[in-house]
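Protein chains in written order, with our numbering: chain A, 11 to 230; chain B, 11 to 230. Have a look at the structure below before the remarks.
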DNA sequence: CGAGGAATTGAGATACATCAACTTGCGTGG
DNA sequence: CCACGCAAGTTGATGTATCTCAATTCCTCG
């Protein structure tokens with residue numbers, strides 16, 4: 011894990027002198043790690059599992075801002091702001107590494123490597139967020155769903171069945187669609203043998219075909 | 011300008027030893043600064059005017075990813091990637107400061123201040139992008155338009171008439187709506203005296219009222 | 001086996017897009 | 001200076017993608 015983490019490139023000596031209070035934790039599915047608006051005390055690196063970052067509007071509508079998986083960071087906004095901007099909820103049983111934010115900030119001041127690694131992540135997160143703006147703003151529902159499913163599968167090296175812990179509601183909140191509409195489109199994809207789903211395992215036989223179908227039946 | 015720029019906090023000595031090739035340029039409205047996919051040679055800081063960053067899909071649909079104004083940065087992705095990710099087009103006559111990217115990268119290696127300042131901008135851009143994800147994913151057209159207009163006006167200190175150089179098509183491409191629908195909603199807002207518009211000058215008498223109207227007539 | 005949340009399916013409503021006609025504004029050239 | 005022409009804006013009629021509400025079925029877990 012160390013080579014992909016924000017501590018990559020640091021010597022063991024450096025690591026031992028960091029003095030960051032660290033705790034490995036495991037939480038069940040559906041666990042709320044922190045709430046939007048909470049005072050930020052911890053940052054986390056995600057070892058195993060999946061987490062959603064959710065923003066809930068005053069009237070109850072909610073939007074999944076980001077989905078996190080193996081190796082992703084969360085809560086690091088606490089290095090810049092005092093409050094967590096979104097609510098973080100685990101989608102599966104999840105193992106995380108919990109870092110004390112105050113210690114982390116102190117360490118980052120001494121070792122610019124750390125700050126640079128985190129900045130790098132912010133940049134890639136920005137690029138992904140902008141991608142999502144294009145998806146949400148310019149594409150139709152079928153296209154959004156199809157590209158989302160493909161991207162989800164791309165995060166797994168294997169091209170066979172991949173874990174898929176999202177509910178239809180989660181997908182809807184991620185894609186800006188109603189759960190019913192997501193359900194219908196998933197059924198349609200299955201009917202056309204573009205995807206299969208068994209017990210939270212998703213499989214896409216031919217991603218090209220899925221994308222192509224979504225683009226042609228829709229309006230492009 | 012220096013105090014808000016990425017070179018803020020540097021001594022004059024530092025600045026003089028940077029050796030970054032810099033050029034002040036002025037471009038007319040509608041000028042393409044660079045194209046998505048172009049090899050990134052320059053970064054820009056925006057002195058005066060407005061610029062849109064556009065992503066165009068294969069079939070011609072296009073989405074405005076970000077709108078930039080006084081003090082914003084563009085093209086700095088070239089510090090991480092070799093190609094510009096989006097097309098940059100000026101909305102008004104615009105004055106920019108053009109920086110040679112290779113020089114800038116070299117300078118940033120020597121002076122971490124610069125890199126940190128840019129990272130900071132990436133972080134705020136990320137936060138804004140995530141806000142837009144919520145807007146596009148969870149809100150209805152009227153709400154999106156209303157909050158967009160308010161946010162646009164908020165970037166100007168004065169609360170009277172503010173310059174508004176966007177066409178209805180621009181607004182549509184920013185908000186993920188058709189130009190006709192934007193036009194209709196703008197007309198409706200005017201009919202209800204929630205906004206006024208004369209010759210590219212926009213005025214919102216009461217922002218609270220505008221937002222409230224958009225929320226109640228819509229569905230929240 | 002029973003209960004409760006998730007998923008599915010259907011029917012109907014609606015928000016928004018699309019297409020097309022028309023107007024307005026404005027720079028350009030005769 | 002007027003007439004032309006084009007791009008942006010407006011408006012209307014119609015189509016459709018997506019939402020909403022409601023009923024039913026399917027899993028999963030205790």
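Even glycine gets a Cβ: it sits at the ideal position worked out from N, Cα and C.
| Check | Outcome |
| --- | --- |
| 7 Å Cβ shell around residue 59 of chain B - same chain, five flanking residues per side excluded | 100, 102, 103, 104, 105 |
| Under 7 Å by beta carbon: chain A residues contacting residue 129 of chain B | 129, 132 |
| Beta-carbon proximity check, residue 137 of chain B vs residue 145 of chain B, cutoff 7 Å | no |
| Cutoff 7 Å: residue 85 of chain B Cβ touching any chain A Cβ | no |
| Outcome for residue 76 of chain A when other beta-carbon atoms lying within 10 angstroms are tallied against a minimum of 16 | buried |
| Close Cβ partners of residue 230 of chain B (< 6 Å) along its chain, the five nearest in sequence each way excluded | Low confidence applies to residue 230 of chain B: its pLDDT is 48, below 50, so where it sits in the model is not reliable, and the reading given next is rough at best. Taken in chain order, the list of residues that qualify is empty. |
| Proximal residues of chain B, C-beta to C-beta of residue 90 of chain A below 8 Å | 130, 133 |
| Any 3 or more C-beta pairs closer than 8 Å across the segment 148-167 of chain B and the segment 34-41 of chain B | no |
| Where the segment 182-211 of chain B meets chain A: residues whose CB sits under 9 Å from a CB there | 183, 184, 185, 186, 187 |
| Own chain partners of residue 91 of chain A with C-beta closer than 8 Å, once the 5 adjacent residues on each side are dropped | 50 |
| Inter-residue spacing [alpha-carbon to alpha-carbon] between residue 6 of chain B and residue 78 of chain A | Outside the displayed span of chain B (11 to 230) sits residue 6 of chain B, for which this structure offers no information. |
| Length at least 4, wholly inside the segment 73-136 of chain B: the alpha helix (DSSP H) runs in chain order | 111-120 |
| Integer-rounded CB distance, given that residue 143 of chain A should sit under 8 Å from residue 139 of chain B | 6 Å |
| Beta-bridge partners of residue 62 of chain B, as assigned by DSSP | B:77, B:99 |
| Residue 142 of chain A at chain B interface by Cβ criterion, 7 Å | yes |
| Whole beta strand (DSSP E) elements within the segment 180-214 of chain A, 3-residue minimum | 206-208, 211-213 |
| Residue 12 of chain B - DSSP class collapsed to helix/strand/coil | At residue 12 of chain B, the pLDDT of 45 sits below 50, so the modelled position is not reliable; the number obtained from the coordinates is stated separately. Of the three classes helix, strand and coil, the one that applies to residue 12 of chain B here is coil, per DSSP. |
| Three-way DSSP call (helix, strand, coil) for residue 229 of chain B in this model | Bear in mind that a pLDDT of 47 at residue 229 of chain B, under 50, signals an unreliable position, so the number given afterwards is only what the model happens to contain. Three-state DSSP puts residue 229 of chain B in coil, outside helix and strand. |
| Rounded separation between residue 121 of chain A and residue 115 of chain A - CA only | 10 Å |
| Any chain B beta carbon closer than 7 Å to residue 123 of chain A | no |
| Residue-level contact to chain B via CB, residue 239 of chain A, 7 Å cutoff | This structure cannot speak to residue 239 of chain A, because chain A is shown only from 11 to 230. |
| Those residues which DSSP pairs with residue 27 of chain A across a bridge | None; residue 27 of chain A has no bridge partner. |
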